[in-house]
Amino acid sequence: MRSLKLGLFENAQTNASGTATWRHPDSRRHEFDTLGYWREVAQLCEDAKLDFLFLADAWGWSEINGVRPPIATEETLDLPRLDPFVIASALLASTTDLGLVVTGSVLVEPPYAFARRLATLDQLSGGRLGWNIVTTGTADTAVKAFGMDMVAHDDRYAMAEDFLDLVYKYWEGAWEPDALEKDKAGWFADPAKVHLVEHEGPYFRSHGYGNTARSPQGTPVLFQAGASPAGRRVGGRHGECMFVGSGSVAQLAAHTKAIREEAVQAGRAADQVKVMSAFSCVVGATTQDAERRWQRILAAQRPEVTVASYAMFTGLDLSSYAPDTPMSELSTEMSQTQVARFAGKTVGDVLADWHTHGVGARPVVGTAEEIADEICALAEGADLDGFLLSPPVQPASTVEFVESVLPILRARGVFRGEYADGESLRERLTGADGRALPASHPAARHRH
1 MRSLKLGLFE NAQTNASGTA TWRHPDSRRH EFDTLGYWRE VAQLCEDAKL DFLFLADAWG
61 WSEINGVRPP IATEETLDLP RLDPFVIASA LLASTTDLGL VVTGSVLVEP PYAFARRLAT
121 LDQLSGGRLG WNIVTTGTAD TAVKAFGMDM VAHDDRYAMA EDFLDLVYKY WEGAWEPDAL
181 EKDKAGWFAD PAKVHLVEHE GPYFRSHGYG NTARSPQGTP VLFQAGASPA GRRVGGRHGE
241 CMFVGSGSVA QLAAHTKAIR EEAVQAGRAA DQVKVMSAFS CVVGATTQDA ERRWQRILAA
301 QRPEVTVASY AMFTGLDLSS YAPDTPMSEL STEMSQTQVA RFAGKTVGDV LADWHTHGVG
361 ARPVVGTAEE IADEICALAE GADLDGFLLS PPVQPASTVE FVESVLPILR ARGVFRGEYA
421 DGESLRERLT GADGRALPAS HPAARHRH
């Protein structure tokens with residue numbers, strides 16, 4: 001069995017994944033707006049030798065029929081938030097090896113400024129940066145704040161292709177890797193190795209020089225999640241680490257197979273895309289103890305949150321449909337993943353399921369050994385490269401995983417014990433021979 005990659009999913013707000021468990025006595029996520037909280041979480045990850053800290057983000061908020069329900073504010077379901085780029089920047093000085101993955105939307109970010117911001121973070125981190133590419137699944141409300149018109153689901157992925165092509169030109173082609181000489185007896189940079197970028201795309205235009213020189217990785221490690229056909233196509237063409245939701249071995253294996261097939265069709269090797277599944281767990285001394293802990297977590301959340309939460313991701317008000325309505329009759333231009341994952345289910349099924357774990361993974365509830373068994377079974381049976389850990393209660397759930405489950409995985413030889421010296425995030429996650437993207441990646445064509 002291959003060595004697994006592990007990252008921790010975090011969200012710069014009080015609640016995560018569409019649930020609202022902040023009332024649980026062990027939860028400290030209401031401290032998300034303090035630097036001390038983030039330093040503690042980052043240190044926990046680095047001490048455990050996790051591969052990266054993943055900072056999710058969203059621009060939208062919950063509305064039902066155009067009105068923000070009071071429950072969303074009462075339970076801080078979606079707002080307020082902090083900017084993940086600023087959090088990542090604040091953590092650079094207190095970490096040395098941990099990868100930092102930030103979420104940035106191609107729908108609302110200006111590409112030229114965005115390219116500079118990520119190159120800066122990759123430079124200052126020494127090549128530890130990753131970018132989670134999103135098209136803003138909560139776009140319906142987000143576009144109002146930006147004064148934009150709603151963009152259809154598949155059109156947002158077409159925008160993503162154009163956005164990526166433009167930022168690649170600045171990251172890979174504007175400054176050659178050895179353009180900077182910093183020679184006081186000669187010159188600071190070689191003019192022959194600094195190039196003008198010209199881009200006239202269907203959505204974005206840019207004409208200029210790169211505002212930053214090439215960073216250690218050039219292009220940050222590219223993360224992406226998307227279960228729709230359009231999402232998988234973009235992921236297969238561009239993604240280096242693709243996230244899939246939780247599910248059975250058969251369901252996850254089908255997702256992995258589809259993603260790797262897309263990569264091959266795009267002219268890449270199947271194993272150049274690392275597939276990682278969301279994973280959540282509740283650890284107990286016994287199975288019964290774990291179940292009691294899980295029930296206490298569920299009891300911390302008000303049931304009224306569920307309708308507002310699902311609407312935030314999809315724009316669909318499930319309370320307006322009969323419980324036996326098939327989900328196949330519903331459609332949205334927002335997050336189609338959160339409709340597609342419930343194929344064959346009814347509205348009532350979705351409301352019951354969503355209350356337990358929202359958009360995140362349904363926790364595996366059991367002893368540390370049972371949880372380690374499940375991780376190994378999923379990884380081997382579904383051809384997974386690793387997992388994105390989604391703690392139900394933070395940071396308590398992460399501490400429990402690190403102290404009880406992680407030692408078992410190490411003893412079984414499926415998770416390494418130390419970081420490799422001087423290794424970039426790309427080298428660690430993908431096994432690349434060097435910090436740069438491989439020549440088969442579409443970004444490489446912009447190099448000189």
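Position one of the sequence shown corresponds to residue 1 (the UniProt record's numbering), numbered consecutively onward. The C-beta atom is built at its ideal place from N, Cα and C for all residues, glycine as well. These figures come from a predicted structure and were not determined experimentally.
Quick one: grab the DSSP three-state call for residue i.
{"i": "L252", "result": "helix"}
{"i": "V402", "result": "helix"}
{"i": "A396", "result": "helix"}
{"i": "V359", "result": "coil"}
{"i": "T135", "result": "coil"}
{"i": "K182", "result": "coil"}
{"i": "H153", "result": "helix"}
{"i": "T346", "result": "strand"}
{"i": "A436", "result": "coil"}
{"i": "L6", "result": "strand"}
{"i": "W187", "result": "coil"}
{"i": "residue 463", "result": "Given that the chain is displayed from residue 1 to residue 448, the structure contains no residue 463 and the question cannot be resolved."}
{"i": "P326", "result": "strand"}
{"i": "R205", "result": "strand"}
{"i": "Q301", "result": "coil"}
{"i": "F415", "result": "coil"}
{"i": "G366", "result": "strand"}
{"i": "V273", "result": "coil"}
{"i": "L351", "result": "helix"}
{"i": "L316", "result": "coil"}
{"i": "G381", "result": "helix"}
{"i": "A420", "result": "coil"}
{"i": "G147", "result": "coil"}
{"i": "S309", "result": "helix"}
{"i": "H199", "result": "strand"}
Between residue i and residue j, is the Cβ-Cβ spacing less than 9 Å?
{"i": "L389", "j": "F9", "result": "yes"}
{"i": "T19", "j": "G348", "result": "no"}
{"i": "T141", "j": "V106", "result": "no"}
{"i": "L91", "j": "W38", "result": "yes"}
{"i": "A88", "j": "V102", "result": "yes"}
{"i": "A179", "j": "Y209", "result": "no"}
{"i": "K257", "j": "D383", "result": "yes"}
{"i": "V249", "j": "A377", "result": "yes"}
{"i": "K5", "j": "C241", "result": "yes"}
{"i": "V414", "j": "I371", "result": "no"}
{"i": "F54", "j": "N132", "result": "yes"}
{"i": "A308", "j": "P80", "result": "no"}
{"i": "V275", "j": "I259", "result": "yes"}
Measure from the alpha carbon of residue i to the alpha carbon of each residue in the options, then state which is nearest.
{"i": "A322", "options": "G186, T332 and V350", "result": "V350"}
{"i": "V244", "options": "R205, A278, S228 and R214", "result": "A278"}
{"i": "H357", "options": "A299, F146, D383 and F387", "result": "A299"}
{"i": "D83", "options": "A152, Q13 and E427", "result": "Q13"}
{"i": "L121", "options": "A145, A192, G218 and S62", "result": "G218"}
{"i": "G239", "options": "G247, P220 and S248", "result": "P220"}
{"i": "A444", "options": "E63, E46 and P177", "result": "P177"}
{"i": "G147", "options": "W59, F85, I64 and L164", "result": "W59"}
{"i": "W294", "options": "D165, I133 and T367", "result": "T367"}
{"i": "G422", "options": "L55, G130 and G126", "result": "G126"}
{"i": "S246", "options": "R237, G231, F223 and C281", "result": "C281"}
{"i": "F206", "options": "P438, L166 and L35", "result": "Note that residue 206 corresponds to Ser in the displayed sequence, not to Phe. Ranking P438, L166 and L35 by Cα distance to S206 puts L166 first."}
Rounded to the nearest angstrom, what separates residue i and residue j at their Cα positions?
{"i": "A253", "j": "Q43", "result": "33 Å"}
{"i": "D317", "j": "H446", "result": "45 Å"}
{"i": "P326", "j": "A16", "result": "27 Å"}
{"i": "residue 455", "j": "Q272", "result": "Only positions 1 to 448 of the chain appear in the structure, and residue 455 is not among them; the question remains open."}
{"i": "E418", "j": "Y168", "result": "32 Å"}
{"i": "A263", "j": "A269", "result": "7 Å"}
{"i": "Q265", "j": "R428", "result": "25 Å"}
{"i": "S27", "j": "E75", "result": "14 Å"}
{"i": "T212", "j": "I408", "result": "44 Å"}
{"i": "V41", "j": "Y203", "result": "38 Å"}
{"i": "P303", "j": "V364", "result": "21 Å"}
{"i": "M312", "j": "D51", "result": "30 Å"}
{"i": "P392", "j": "V402", "result": "14 Å"}
{"i": "D289", "j": "A379", "result": "26 Å"}
{"i": "Y310", "j": "R214", "result": "41 Å"}
{"i": "L437", "j": "E46", "result": "25 Å"}
Every unbroken beta strand (DSSP E) within the stretch 42 to 121, with a cutoff of 3 residues, ordered by chain: 52 to 56 and 99 to 105
In chain order, what are the residue ranges of uninterrupted beta strand (DSSP E) at least 3 long that sit wholly in the stretch 207 to 243? 221 to 225
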